[in-house]
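What follows is a single structure, written as structure tokens, with notes after it.
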Amino acid sequence: MIDSNNFSSSNGKLLKVEHLVKKYKLGEVEVHALRGLSIEVERGEFVAIMGASGSGKSTFMNIIGCLDKPTSGLYLLSGIDVGKLSKDELAEIRNRKVGFVFQGFNLLSRTSAIENVELPLLYSSVTSKIRREKALESLNKVGLGDRIHHYPNQLSGGQQQRVAVARALVNNPAIILADEPTGNLDSRTSVEVMNIFQRLNNENITIILVTHEPDIARFAKRHILFRDGKIKSDKVNKEIREASEVLKTIPLIDDEEEE
Amino acid sequence: MKIINILSTAFRSLYRNKLRSILTMLGIIIGVAAVITMLAIGQGAQYSVKEQINALGTNVLIVFPGSSQQRGVRKGAGTMTTLTDNDAKAILDECPAVAYVSPVTRSGGQIIAGNLNWFTAIDGVGIDYMAIRNWSVEYGEFFSEQDIKSAAKVCVLGSTVAKNLFPDSDPIDKNIRIRNVPFKVIGVLTSKGQNAMGQDQDDIILAPYTTVLRRLSRYPYLRQILVSAVSSKEIPVAQRQIEELLRMRHKIQSFEPDDFTIRNQTDIANAATKTSKALTILLASIASVSLLVGGIGIMNIMLVSVTERTREIGIRMSVGAKSKDILTQFLIEAMVLSLIGGMVGILFGMVAAQLISNIAGWPTFVTAFSIFLSFGFSILVGIFFGFYPARKAAFLDPIDALRYE
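Protein sequence lines correspond, in order, to chains A and B. To convert, take the position in the first sequence, counting from 1, and add 865; that gives the working numbering. To convert, take the position in the second sequence, counting from 1, and add 528; that gives the working numbering.
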């Protein structure tokens, strides 16, 4: 994670949000999704964002993931004022500094695991050889080194999500944003994915996770609760569960063992 | 994104929807094949028209007598009895742009040879006639200057006449009777086939014009004078020289109209080529309508594809694809469709043109020009009809695209 070391060197804060406001217009009605939100996240943190639906979690994730722009407020990502960037520059930030993991996996169908992982590298100037190497390395990290040519429909849900994690990792991003990554998974595979996140976090990769399951949030180091577009609470998780430990207590599920 | 990656992405996504891609290409294939075939047919038509006009002879000018008038009734071109043997000689002697001259007079009738007979035309011509018309004698010989001077009763048969009068024997040195005048056959012409109007050019007998004038015609006037200019460039010059000469010889005052008409081959050729060019353009434009329809097919499929792949576009944008990348990807896909369609279409068109020429016996030519034209046109169709869907894809909002179900 050489790159992310460079990013955070400026002022220590990897991510800094001040008075973030986002308004949508739904026809005549104006919806305030975010009402002046301020957060700072340092490098190496593992943050779980919780809250009811409509509390602004997804809007917040879209903005810090550079998919959307705030109506007002400041957003610095490793020292860069993202609010001032053009569409193309935002695309470049998404490519270099952000890795997304979605609830629905969002893999390209009829495209092999390794090609899915290579996808972000296609949009940065990397030779095909290095692309393949990085993708392989990334897939090995999530334990799928033996299934690189499988198509998404040949993989279980947990494996698909691991491919998505590998894709998020492949460009050495400063931050991984996971929006309900376990929402479509059963309990054991959820823990497996959390296990991977914890392992990556131990390697000093910053992770921000949105979830509404308290069980899942317990694997994170910091809990932020959203309500009505504002922060209700922000506290350090004192009882972090170790996913690797939890895994030992859950019986294996058949399809994970299937070759 | 590098062009090679864009290309491989485009090929892969087209390959994933094989049937659809092939059906989409089919529109372009048919369009291009139609354009190629129609142009080939048109080119073939132009070629055969040119061939037929060349069969008239090289750099030919034809001098006809003018129209006669009897008590106000005008009788049409060639009815005036003004052209003489001496006019022909004068043209050869006094017009420097003229290479060959042959008087032509025509008669016809029932020809008898032994127990067979045949009705045909007898053309009285000079010795240069063969040179002007590019004809040749297949066997035997053509008549000589001496034959013309002495109005010898010799003749050369066209191959059709030879076949009908002498089906099993050699006609050379045999006698035939033309309207009861005996002629000796001294040669047979090389077969020329049909002319532009579909007439059999081999159904003819050539004899010295002097003989025909004296023995077979009643009037000592020529039906036409066939002239060949020294080169195709000199045709207009020769025409002017002949005009001046004949006006002088016929003592025509400056206010009087010509008593003869000169037609040249280029005029005839130009008119005919114009017609066949118009035909080619007509055929090609009808064919290009189908190419246009093929293009609309591409646009249709690309639009469907953009809608269907909205999520894919969202995913690509979320991992860092710029609008430009998405635009090029879809544009390249459309272009690959139209390019491959164009190439296959060219092949199909060439095969179709060959088939038509084999089955219908009509010459067809697939020229480099028509290949470039239809190839270029199919690329343009791809860009033109691919642009709108590609733009639509490129300006999708990444969040909406990701949420699209």
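Cβ atoms here follow ideal geometry from the backbone N, Cα and C, with glycine treated the same way.
Close to chain A, meaning a Cβ-Cβ distance shorter than 8 Å, are the following residues of the segment 844–856 of chain B: R844, M845, S846, V847, G848, A849, K850, S851, K852 and D853. Residues K681, N703 and I704 of the same chain have their beta carbon placed closer than 8 Å to that of P710(B), with the five preceding and five following residues left out of the count. Within 8 Å of the CB of F965(A), the CB atoms of chain B belong to S846 and V847, in sequence order along the chain.
Within chain A, not a single residue places a beta-carbon under 7 Å from that of I874(B); the smallest gap is close to 31 Å. Annotation: the continuous alpha helix (DSSP H) that includes N692(B) extends over S687 to L693. Taking a 10 Å sphere around the C-beta of L930(B), we find 16 or more other C-beta atoms and assign the residue as buried.
DSSP places K994(A) within a helical segment (H, G or I) once states are collapsed to three. Looking at the backbone, the Cα of K805(B) and that of G904(B) are separated by about 21 Å. By the neighbour-count criterion, in which 16 or more other beta carbons inside 10 Å mark a residue as buried, F965(A) falls on the buried side.
For V909(B), the uninterrupted alpha helix (DSSP H) segment begins and ends at A896 to A922. Counting only residues of its own chain and dropping the five nearest sequence neighbours on each side, R775(B) has a CB closer than 7 Å to the CB of D786. According to the DSSP assignment, I914(A) belongs to the beta strand (DSSP E) that extends over F911 to G916.
Assignment of beta-bridge partners to T633(B) by DSSP yields G652(B). Scanning the segment 1038–1085 of chain A for uninterrupted alpha helix (DSSP H) segments of 4 residues or longer gives 1052–1067 and 1079–1082, listed from N- to C-terminal end.
For E836(B), no CB of chain A lies under 8 Å from its own CB, so it is not counted at the interface with that chain. In the three-state reduction of the DSSP assignment, T924(A) falls in the helix class. The beta carbon of K1095(A) is closer than 6 Å to those of R900 in its chain, skipping five residues each way along the sequence. When C-beta atoms of the segment 909–917 of chain A are compared with those of the segment 1055–1075 of chain A, three or more pairs fall below 8 Å, so the two segments count as touching. Residue contact check for N533(B) against chain A: a CB pair falls below 8 Å. In this structure K850(B) is buried. Its beta-carbon is surrounded by 16 or more other beta-carbon atoms within 10 angstroms.
For S903(A), the uninterrupted beta strand (DSSP E) segment begins and ends at V894 to E907.
In terms of Cβ geometry, M871(B) and G914(B) do not form a close pair [threshold 8 Å]. Chain-ordered listing is empty here: chain A has no CB closer than 9 Å to the CB of I814(B), the nearest sitting near 40 Å. Between E980(A) and the set S1052(A), A1000(A) and R961(A), the nearest pair of CA atoms involves A1000(A). I733(B) is bridged by DSSP to I650(B) and L685(B).
Sixteen is the threshold: since fewer than 16 other Cβ atoms of the shown chains lie within 10 Å of the Cβ of L644(B), the residue is exposed. S664(B) has its alpha-carbon roughly 6 Å from the corresponding atom of L717(B). Within chain B, no residue has its CB atom less than 9 Å from the CB of A1031(A), the nearest being about 12 Å off. Cβ neighbours of T738(B) within its own chain (closer than 6 Å, five residues either side excluded): I676 and A679. Around the beta carbon of N886(B), a 10 Å sphere encloses fewer than 16 other beta carbons of the protein chains shown; the residue is thus reported as exposed.
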